[in-house]
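Chains as they are written, first to last, in the numbering used here: chain A, 153 to 300; chain B, 223 to 932.
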């Protein structure tokens with residue numbers, strides 16, 4: 153990485169264990185089953201939004217990253233997606249520095265993405281629970297639960 | 223004549239109704255308690271039809287539906303409509319000083335069949351018949367023709383007097399009827415009451431004799447001028463007859479159209495009272511459009527709601543533990559001078575400038591600077607290995623400021639987004655309620671096409687204006703023709719004077735002219751005398767009804783009918799009060815009822831007064847007084863009263879009534895009636911409840927009853 157003006161994660165992949173893939177189908181509006189999307193039931197515009205929020209939830213709740221080694225994973229999208237949200241690149245990098253306690257990791261995009269993926273896996277079940285837990289549609293349940 | 227009973231079948235919403243009327247002298251009042259839309263007007267129409275035939279129906283029955291509107295054609299397309307009325311006539315025989323009264327009972331039965339078209343809303347009438355029977359202990363004897371008895375006992379001209387719709391009664395005085403029609407109605411009623419048919423026939427007979435004498439005058443012959451004059455008289459008189467007939471025809475047409483216009487206005491008022499259906503539909507459509515707009519707003523707010531979960535402010539909030547730590551590290555690096563990373567650019571710049579920051583030369587041309595240049599190049603190469611990390615750190619330090627330097631505002635964003643959605647949800651809920659309320663109102667309203675009715679109303683007004691114009695034209699032509707005839711008669715008489723044969727005819731014509739004058743004078747005298755009688759009695763009844771005593775300085779001093787057949791009211795110092803403007807609704811109604819009762823009394827015809835909603839717009843003393851006075855001056859009185867009309871008059875009704883019954887419309891369940899009358903058809907049913915009791919059939923919802931009484 154010679155310059156920071158390009159997306160350091162563009163060669164990385166966002167992956168989740170296969171068993172979690174259904175959450176992305178259910179709660180994201182980028183569904184492929186031909187059905188009309190109901191925003192209140194599928195509050196996330198894109199898969200990356202759900203993935204990123206799962207990372208945030210894990211950090212917020214101090215969850216330990218879950219190592220994906222040996223698990224069957226499924227790529228949900230590649231890292232080029234972050235080019236459209238540059239602030240997320242900064243957030244992921246700062247988060248990596250905060251987690252590692254040193255800045256060396258900044259020159260290792262794959263390490264940073266591995267950490268983010270592992271945190272996403274830790275945060276996903278909690279986030280899904282927040283979407284389900286409540287009497288209303290997922291968007292309202294999440295609005296109520298996200299700050300708890 | 224007194225009515226005894228009636229049976230009405232399939233006449234509009236009167237599917238099968240049997241009514242009894244009190245004919246006792248002491249209890250001459252019959253009351254039907256009937257809320258709005260329970261067939262009061264229809265019963266009065268059915269009775270009028272039973273006695274007088276199609277002429278008594280609106281538009282003389284032409285295209286006027288008689289069968290129930292919800293008739294089930296799958297049962298039969300033939301609807302048998304009939305009205306049977308039993309009535310009693312008092313016959314008085316004076317033998318010497320002895321007055322012998324006998325009662326004759328009759329039954330009139332009028333029927334017609336309406337054949338409905340199975341595929342459309344049209345129908346045709348067939349098999350109309352009317353039969354009259356005398357009913358005695360000996361049996362039932364047919365009488366032919368039936369009209370003779372009816373015409374004698376209930377003159378057609380007094381039809382509106384004996385059968386009165388409380389609203390229509392106002393036609394005698396109200397402003398929305400033109401002066402000509404008001405006068406015509408009053409005049410017609412008074413003339414009928416005088417029984418001056420014989421006198422009118424005599425005048426007609428004399429007119430014919432005059433025409434014949436005139437024709438004979440022509441046979442005197444020989445004189446071209448005389449022949450021409452007589453021919454012109456004949457032609458003009460024929461013209462006068464034709465124009466008079468046309469005028470009568472137009473006046474009748476005018477009366478009919480005015481009635482239809484009034485009915486239409488009433489229908490519009492009634493429909494508007496419940497709510498303008500078209501207006502409601504328009505309002506509902508406006509609400510639906512608004513709901514659609516809200517749906518779009520909701521879609522926008524849903525997207526906004528969804529986007530708050532991808533907002534940087536949420537990331538700032540949730541990532542705070544890690545971001546705070548990294549911020550700490552980065553700040554420390556800044557303190558240590560590792561951020562920003564500037565070593566290589568500074569060294570390169572020095573080499574470019576050819577001078578070190580200590581002031582020594584770094585020029586390649588300077589041999590003494592070679593060692594210093596080599597040292598700086600070495601420093602640059604050494605730093606390059608650490609440069610990637612430092613460059614990233616430096617960039618991140620500055621670019622990450624947005625994430626670390628300010629507090630997250632996401633809670634505020636969330637609160638506003640939820641508040642916006644909740645406000646919109648309330649609006650949507652309210653608009654859905656409004657739409658449902660509108661739909662319920664629309665469903666409950668009868669399918670009255672107000673737009674169409676307004677078109678009819680405008681058309682009637684156009685026709686009324688047109689006919690009035692035609693009548694004015696005819697009047698003007700008649701005036702000119704009469705002047706011409708008078709001049710021609712003078713000329714004829716002058717010419718006859720010169721003829722020997724003409725003298726006799728001239729004498730004959732003079733006699734005929736004298737007889738005609740006598741008859742016309744008698745007619746005039748009778749008219750004015752009887753008119754005064756009616757006028758005086760009307761005033762007496764009216765003052766009694768409104769409790770006005772001129773001696774006690776009341777505003778109303780008297781009422782009278784002028785020679786022009788206008789009904790007027792006089793106040794202090796003989797000042798004229800205009801009934802339309804100076805009297806309130808109750809007094810106007812009392813005045814018309816007083817006129818009707820006075821006519822019935824002065825006519826000395828024993829006949830019933832059948833009045834629909836006579837006490838509308840009245841309350842307190844006037845209402846009670848009108849009721850008492852109406853009973854006092856009638857020989858038989860049949861009243862159709864709403865709950866509100868009955869309120870306050872219960873005691874009088876109890877004392878004066880021989881029969882009290884209640885009418886109920888089955889279609890009023892469940893909105894107005896408590897119990898299901900168990901009928902799938904719209905129809906009026908009768909129960910024995912008096913004006914104060916209720917039963918399973920007639921019990922009305924409390925709020926409905928209060929509304930009716932209020």
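Cβ atoms here follow ideal geometry from the backbone N, Cα and C, with glycine treated the same way.
Residue 530 (chain B): not part of any alpha helix (DSSP H); DSSP gives it neither H nor E. Taking a contact as a CB-CB distance under 8 Å, the pair residue 464 (chain B) and residue 734 (chain B) does not count as one, their CB atoms being some 22 Å apart. Counted as a single uninterrupted DSSP element, the beta strand (DSSP E) harbouring residue 242 (chain B) occupies residues 236-242.
Within the segment 776-819 of chain B, the complete beta strand (DSSP E) segments at least 3 residues long are 780-783, 789-792, listed from N- to C-terminus. The beta-carbon separation of residue 708 (chain B) and residue 425 (chain B), rounded to 17 Å, does not stay under the 8 Å limit for a contact. Within chain B, the residues 618, 621, 622, 625 have their CB atoms less than 7 Å from the CB of residue 242 (chain A), given in chain order.
For residue 554 (chain B), not one C-beta of chain A is nearer than 7 Å to its own C-beta. Closest option to residue 333 (chain B), judged by alpha-carbon separation, among B:447, B:612, B:232, B:894: B:232.
Secondary-structure assignment with DSSP links residue 167 (chain A) through a beta bridge to A:227. Between residue 237 (chain B) and residue 290 (chain B) a beta carbon distance of about 6 Å is seen, short of the 8 Å cut, so the two are scored as contacting. Among the residues of the segment 290-305 of chain B, none has a Cβ less than 8 Å away from any Cβ of chain A. Taking a 10 Å sphere around the C-beta of residue 274 (chain B), we find 16 or more other C-beta atoms and assign the residue as buried. In the DSSP assignment, residue 363 (chain B) falls within the beta strand (DSSP E) that extends over 361-365. If you check each beta-carbon in the segment 523-550 of chain B against every beta-carbon of chain A, the ones closer than 9 Å belong to 524, 525, 527, 528, 529, 530, 531, 532, 534, 536, 537, 538, 539, 540, 541, 542, 543, 544, 545, 546, 547, 548, 549, 550. Closest in C-alpha terms to residue 826 (chain B), from the list B:856, B:253, B:804, B:843, comes B:856.
DSSP places residue 690 (chain B) within a helical segment (H, G or I) once states are collapsed to three.
At a beta-carbon threshold of 8 Å, none of the residues of chain B lie near residue 300 (chain A); the nearest stands roughly 12 Å away. Secondary structure at residue 729 (chain B): helix, using DSSP grouped into helix, strand and coil. Look at residue 275 (chain B) here: in three-state DSSP terms it is helix. Going by C-alpha positions, residue 818 (chain B) is about 27 Å away from residue 912 (chain B). If you draw a straight line from the Cα of residue 320 (chain B) to the Cα of residue 259 (chain B), it comes to about 50 Å. The criterion of a C-beta distance shorter than 7 Å is not satisfied by residue 365 (chain B) and residue 359 (chain B).
Residue contact with chain B for residue 212 (chain A): present (Cβ-Cβ distance below 7 Å to some residue of chain B). The beta carbon of residue 203 (chain A) is closer than 6 Å to those of 166, 272 in its chain, skipping five residues each way along the sequence. Sequence-distant Cβ neighbours of residue 270 (chain B) in its own chain, meaning closer than 7 Å and more than five residues away, are 278, 381, 385. The residue among A:267, A:294, A:269 with its C-alpha nearest the C-alpha of residue 280 (chain A) is A:294. When Cβ-Cβ separations below 7 Å define contact, residue 286 (chain A) makes no contact with chain B.
Under DSSP, residue 352 (chain B) shares a beta bridge with B:332. Inside the segment 731-772 of chain B, DSSP marks no whole alpha helix (DSSP H) run of 4 or more residues. Within the segment 594-615 of chain B, contact with chain A at the beta-carbon level (separation under 8 Å) is assigned to 610, 611, 613, 614, 615.
Shown here, residue 702 (chain B) sits in a helix according to DSSP, grouped into three states. The beta carbons of residue 821 (chain B) and residue 756 (chain B) sit closer together than 7 Å. Remark: C-beta atoms of residue 348 (chain B) and residue 337 (chain B) approach each other more closely than 7 Å.
Residues of chain B with a Cβ closer than 8 Å to the Cβ of residue 195 (chain A) are, in chain order, 527, 528, 531. Under the three-state reduction of DSSP, residue 597 (chain B) is assigned to helix. Take residue 197 (chain A), set aside five residues on each side of it, and the residues of its chain with a beta-carbon closer than 6 Å to its own are 181, in chain order.
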